[in-house]
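Data block below; observations after.
Residue numbers (the working numbering), protein chains in the order written: chain A, 1210 to 1677; chain B, 206 to 304; chain C, 893 to 1367.
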């Protein structure tokens, strides 16, 4: 699309109008966008067309409409994290990824729904209503980047950015039949991403094709002096490696990334194994028992960091304030009214895990398990170049089917969490369909900075799945 | 590990500046208890000698030069304020000193 | 002021200093004082959602300089979050250092010969500032508060001493010496009254030989005088409590300068639980040996070393000079004194004109060169200028610049012609027979009377010593 715009075969404005029309047609039903910036998008699209007319090279995302998860700051655009506590807040600055999208010529069209403060796996925790899965509107799109996934799956935009802390890009990508990438920790700047769990969060693209994901990731990746945890090197070359194939690569099939998945998901993974074998890869059966500890460690580390990151929402400087006679009462009333149940649950879990007398047993222990996970990955990558597994245990589930018991919801992250703990990259690739014809995603994982190989492997699966 | 008690949850809610009803306290005590129970397999491990990892790719010494950068316009800052007076953020009275 | 027999006080001091960097600890806002409220803030120091901290390298170097000067071990360190809710904290946590501070251990040798151990000196960020309205301006009777975040994010180093201090005088000496070090390293301007250096005192008492007692923390003492008075008051208060059969409650207390007492805020229901954990938005700090060496090599001499050098040069200074010595070291005027000594100026004179005349107009230091100082003193020593004239010349240079010869000329200071003095003295004796006869009878104080009169008559051109010689000759 960007090439078409750059070549003048189509105009950014016409591309945008199609996108806006599609949004208008389906947003009420699906509740994808919390805010659509028609005016800003039109101005950006016109600017792109003007630059093309002047013969300028606009960028690799020239004229591409982009949906932004509503935990990404965009100057003067309402940014809520799907929470009442930030309702109406407009950031005075852009997230670095937004600046980079703009520099590549992309056209941000609006902010998408998410589980409140990115805490959830279904987008049912939004304070502004759930988002519906475009493939089947009685089902969830996944979470927490459910809105971003639905935006792409419903053809509203070809590209959306989400964030992934325990699987929040990959799982909705799998449930909506999309490519979803969680990059290496530090590859993409977190400046301007409203933090959930700082040591786990990463921003990444959701797209329909592997090639689009590679183009998008290349545009936003690379060192940012505003993020101390960002990797020192500039954006890597990814697009050039998409067609590299997997011949000669060792693919480790990890039983702990498959056990517990529904039969239809397991079948997809097995088929993926065959495809990769046929494409010239060697398959290795691996067991990494440390992955089983990941859920427990994650559900202590992430809430602990979140409890601290969300402390700033106290009614003093921005956002919601509920009046009271003294400042402590004001903070309590504000936070009680402003946060939803899941957010409160995680704040309390996290506060407990850090509190005096419990730190060593809970948070301290979880950090050690994280080291075990990192070491386990390192050992696995001596035997394999990439790892393969399922992305989620099942296809998209029905609304309300997991909300009664928080643990049930948390368990849907079991295959995605290990990569967040280790900081290593992973990609979910649509591969087949399952129950009720719903999409299934399989997951490729790689060592740090191996995104190029992940795209190459994903491309092989994409072609085999009938999307050449 | 000791079982999570209702008083612990009430204490934690106070620390986190959240007001809980009795029903909520009961519910959260049960739910948090389940999560912690699930973590018991992790707790049982003897991880003496295992060290927490700082940055997954070992970054150290990330610093910036002592050079000024543009700051925010005062009006933009104050426009966000729920309550302001004299160019400052107004809050109801503070009981007790800073720790 | 001392405690009753058998009792001793145990004091540890925590000193916070703002660092003299161009920008704040984690963002590029300027590190200034006195800007209009909330005009020096950005997403980072306001803690806006999505913002991230990036460490200021100069803050790290100044912290290392302080650690070097305090003989600490500069260690690999980590930043931690100290979590608590307070309106002047934009993130409701403070980025600080906890169990792995940049400087661990160390000591400070005091001029009185005692040594105070240093537990740590670590980096952290400052908070915003609140003003309390609707009452007396104190927090406890206000009905609302206003917060300014200009100070939020300013870099701080916190220096924690061991509980080694045993008197308020020693505490004062420690604080003064530490302040001198902070200024000498370039880390701080040491302006307690502006709040760039703040002291908290931990005070407990015990009967000699017994274990440490319960301590109270007295916060935010902002002058050396308050420090002494507060410590003395608090130690006495605790002794009285214990002797009366009560126990000391561990609490934070405030020093009221006007009332001359410490008092407690409402007692907290529970101890603070800061839930420290490693700051995930920052990476570890591992200063290698080369960096540490660069910092060490760049350090100017510390007060103790300068004191030793000057003492040696003065060659066994009389006790009367010791006070002046402290002033000269404290104000960093030793280069003036040493240059004067090198040029042959007598120690008393070299010290006096620095400790008195320069000290009274420190803002004027930019106008006075070491050469001018030396030249003026040499003119005084050779009686080209009288003492009074010399002081006037120095004051003039400090105030308005210039150099000694031209300033002296412009003021009409010339040497009083010899012989002229004798005539003036003779005239005065005739004019003041009562005073003269009392002087002749042995009342030495009247020498000053005559000197004063001579000075007036000669526009300060006379030399005091010569006047006395004349008086004695005529006695």
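Here a beta-carbon is modelled for each residue, glycine too, at the ideal position from N, C-alpha and C.
Owing to the predicted nature of the structure, the values given are computational and were not obtained by experimental measurement.
Asked	Found
Taking the straight line between their C-alpha atoms, what separation do you get for residue 1243 of chain C and residue 1223 of chain C?	12 Å
Measure the C-alpha to C-alpha separation of residue 972 of chain C and residue 1565 of chain A and round it to an integer number of angstroms.	15 Å
Locate the alpha helix (DSSP H) running through residue 1265 of chain A, then write down its first and last residues.	Element bounds for residue 1265 of chain A: n/a, residue is neither H nor E.
Does the separation of the CB atoms of residue 1488 of chain A and residue 1449 of chain A fall below 8 Å?	no
Please confirm if residue 1536 of chain A has its CB atom under 8 Å from at least one CB of chain C.	yes
Grouping DSSP H, G and I as helix and E and B as strand, with all else coil, what is residue 899 of chain C?	strand
Taking its Cβ as the centre, do 16 or more other Cβ atoms sit within 10 Å of residue 1661 of chain A, making it buried, or is it exposed?	buried
Using three-state DSSP, classify residue 1369 of chain C as helix, strand or coil.	Residue 1369 of chain C falls outside the range modelled here, since chain C spans only 893 to 1367, and no answer is possible.
By alpha-carbon positions, which one of C/1129, C/1137 and C/1165 ends up nearest to residue 1154 of chain C?	C/1129
Does the segment 1294-1304 of chain A touch the segment 1251-1271 of chain A, meaning 3 or more C-beta pairs lie closer than 8 Å?	no
Under 7 Å Cβ-Cβ, which residues of chain A neighbour residue 975 of chain C?	1517 and 1520
Starting from residue 292 of chain B, find everything on chain C with Cβ-Cβ shorter than 9 Å and list it in chain order.	928, 929, 930, 931, 1038 and 1040
Below 8 Å, can you find three or more Cβ-Cβ pairs linking the segment 1001-1013 of chain C to the segment 1050-1058 of chain C?	yes
Buried or exposed for residue 1677 of chain A, going by 16 or more other Cβ atoms inside 10 Å?	exposed
With DSSP as the reference, label residue 976 of chain C as helix, strand or coil.	coil
Heavy atom of the ligand NAD less than 7 Å from the Cβ of residue 1311 of chain A, yes or no?	Of ligands this structure carries none, so the ligand NAD is not represented either.
Counting only beta-carbon atoms, is residue 1440 of chain A nearer than 8 Å to chain B?	yes
Using a Cβ-Cβ cut-off of less than 8 Å, give me the residues of the segment 1556-1573 of chain A that come near chain C, in sequence order.	1560, 1563, 1564, 1565, 1568 and 1572
Would you please state the rounded distance, in angstroms, between the beta carbons of residue 1693 of chain A and residue 1572 of chain A? I believe it to be under 8 Å.	A question about residue 1693 of chain A goes unanswered here, because the residues of chain A that appear run from 1210 up to 1677.
Between the C-alpha atoms of residue 987 of chain C and residue 907 of chain C, what's the straight-line distance to the nearest angstrom?	17 Å
For a contact defined as C-beta to C-beta under 7 Å, what are the partners of residue 260 of chain B on chain C?	1175
Quick one: is residue 1503 of chain A buried, meaning 16 or more other Cβ sit within 10 Å of its Cβ, or exposed?	buried
What first and last residue would you give for the alpha helix (DSSP H) that runs through residue 1373 of chain A?	Run containing residue 1373 of chain A: none in the alpha helix (DSSP H); it sits in the beta strand (DSSP E), 1368-1373.
Flag this pair as yes or no: are the beta carbons of residue 1411 of chain A and residue 1441 of chain A separated by less than 8 Å?	no
Checking 8 Å against the spacing of the C-beta atoms, do residue 1309 of chain A and residue 1429 of chain A come in under that value?	yes
Is the distance from the Cβ of residue 1348 of chain A to the Cβ of residue 1606 of chain A below 8 Å?	yes
For my contact list, residue 1596 of chain A and residue 1654 of chain A are in at a C-beta cut-off of 8 Å; report their separation, rounded to the angstrom.	4 Å
Cβ of residue 277 of chain B less than 8 Å from any chain F Cβ?	No chain F is part of this structure, whose protein chains are labelled A, B and C.
Provide the residue span of the alpha helix (DSSP H) that contains residue 243 of chain B, from first to last.	227-243
Could you list which residues in chain C have their beta carbon closer than 7 Å to that of residue 1403 of chain A, in chain order?	941 and 942
Within 10 angstroms of the Cβ of residue 1103 of chain C, are there 16 or more other Cβ atoms? Answer buried if so, exposed if not.	exposed
Under 8 Å: do the segment 1203-1219 of chain C and the segment 1237-1255 of chain C share three or more Cβ pairs, one atom per stretch?	yes
Ends of the alpha helix (DSSP H) at residue 916 of chain C?	Careful: residue 916 of chain C lies outside any alpha helix (DSSP H) and carries neither H nor E.
Apart from the five residues on each side of it in sequence, which residues of its chain come closer than 6 Å, Cβ to Cβ, to residue 1371 of chain A?	1278, 1354, 1357, 1378 and 1415
Which stretch, first to last residue, makes up the alpha helix (DSSP H) that contains residue 1277 of chain A?	Where residue 1277 of chain A is concerned, there is no enclosing alpha helix (DSSP H), although the beta strand (DSSP E) it sits in stretches over 1274-1278.
Hey, does residue 1348 of chain A have any beta-carbon neighbour from chain C nearer than 8 Å?	no
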